[in-house]
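In the working numbering, the protein residues as written are 14 to 145.
Rendered as structure tokens:
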């Protein structure tokens, strides 16, 4: 009977130890699960922050590129305008020069015609002895 009681007590003690070990293992599993959950949450936050930072950098880069393109277009527009004005000025200068040349040539031709007319009149006068 004593042996039976001792066996019963030993079995009950073993059962208590098994329950205690089971609870400890369950607690360890829960703790590990919580650690994994926390680590995953931290990593997700870190990745989210990195994505936000990358998006912000991309936004700034796009803005800079837009400004550079706008400045380049303005510069090209200014260059084209300046070149157009320069060509217009050159054309005006060429036109003025051509006008002056025509006027000078006309004046020279007029003087030449006048001189030749005078020479012809003098020649006739000399040959005929008369004033024309």
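Here a beta-carbon is modelled for each residue, glycine too, at the ideal position from N, C-alpha and C.
Computed from a prediction, not measured in an experiment: that's the story for all the values here.
Reduced DSSP secondary structure (H/G/I, E/B, other) of residue 14: The count along the chain shown starts at 1 and reaches residue 14 at position 1. Reduced to three states, the DSSP call for residue 14 is coil.
Collapsed DSSP secondary structure at residue 145 in the structure displayed: Position 132 of the chain shown holds residue 145. Legend: pLDDT at residue 145 = 48, less than 50; position of this residue unreliable, value from coordinates given subsequently. DSSP places residue 145 in coil when its eight states are reduced to three.
Close Cβ partners of residue 142 (< 6 Å) along its chain, the five nearest in sequence each way excluded: Translated into positions along the chain shown, residue 142 becomes position 129. Cβ within range, chain order: n/a, list empty.
Neighbourhood of residue 107 by C-beta distance below 8 Å, restricted to the same chain and skipping five residues each side: In the chain shown, residue 107 corresponds to position 94, counting from 1. Result list for residue 107: empty, nothing under 8 Å.
Residue 94 to residue 84 span [Cα, whole Å]: Within the chain shown, the letter at position 81 stands for residue 94. Within the chain shown, the letter at position 71 stands for residue 84. C-alpha separation (whole angstroms): 15 Å.
Alpha-carbon spacing of residue 73 relative to residue 98, whole angstroms: Position 60 of the chain shown, counted from the start, is the residue given in the question as residue 73. Position 85 of the chain shown, counted from the start, is the residue given in the question as residue 98. Rounded to whole angstroms, residue 73 to residue 98 spans 37 Å at the Cα level.
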